[in-house]
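Chemist:
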Amino acid sequence: MADVTAAVAAAGAANRLVALRAFAPHCRSCKTLGPKVGRLAAGLSPPPGTGVDWYDVDCTAHGGLCKELGVKLLPSFVLLAEGRGTCQLFSTGPFGVNTVKLRVMEELTRLAPVAEAGL
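Listed below in structure tokens is the structure:
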């Protein structure tokens, strides 16, 4: 959890959201969704002054971290922001990339006024 805490603190200093994708190598839905999330991450246009740091967490290798984050179903996403802890925790199926995009953009919109206030 220390690495995640450090990532959230660093991202928070730059008004960035941390998006964790919890997966398992044997999960078929995770395998289907993974490349779609990669394309989403590469093509996402966050509001000015914000951004997203994407991380993949293998729950078979880091089960303790996944449990601590509250992950119960795979694939799951955990959105974290400095000062607010876990913003959202949700699971989605293999075709849920639009859900991921909507929720990430929702959290980035919440960060945007904070970024503008700092200017």
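Using the UniProt record's numbering, read the sequence shown as starting at 1 and increasing by one per residue.
Note that the Cβ used here is the ideal one computed from N, Cα and C, for glycine as well.
No experiment lies behind these values; they were computed from the predicted model shown.
Work out the CA separation of T60 and P47 for me, nearest whole Å.
Modeler: One C-alpha to the other measures close to 34 Å.
Chemist: Determine the direct distance from the alpha carbon of V18 to that of A10, and round the result to whole angstroms.
Modeler: C-alpha separation (whole angstroms): 10 Å.
Chemist: Should A81 and V57 be called a contact, given that it needs their Cβ atoms to be closer than 9 Å?
Modeler: Their beta carbons are not under 9 Å apart, which means A81 does not touch V57 by this criterion.
Chemist: Quick one: residues in its chain with C-beta nearer than 6 Å to the C-beta of L33, no 5 flanking neighbours on either side, listed in chain order?
Modeler: Counting only Cβ-Cβ distances below 6 Å, and skipping sequence neighbours, we find P75, P94.
Chemist: Per DSSP, what kind of secondary structure is V4 in: helix, strand or coil?
Modeler: Looking at V4 - three-state DSSP - the assignment turns out to be helix.
Chemist: Comparing alpha-carbon positions, which option in V78, G63, P25, A112 lies nearest T99?
Modeler: Minimum Cα distance to T99 is reached at V78.
Chemist: If we count the other Cβ atoms within 10 Å of its Cβ and call it buried at 16 or more, is G43 buried or exposed?
Modeler: Exposed, because fewer than 16 other Cβ atoms sit within 10 Å of the Cβ of G43.
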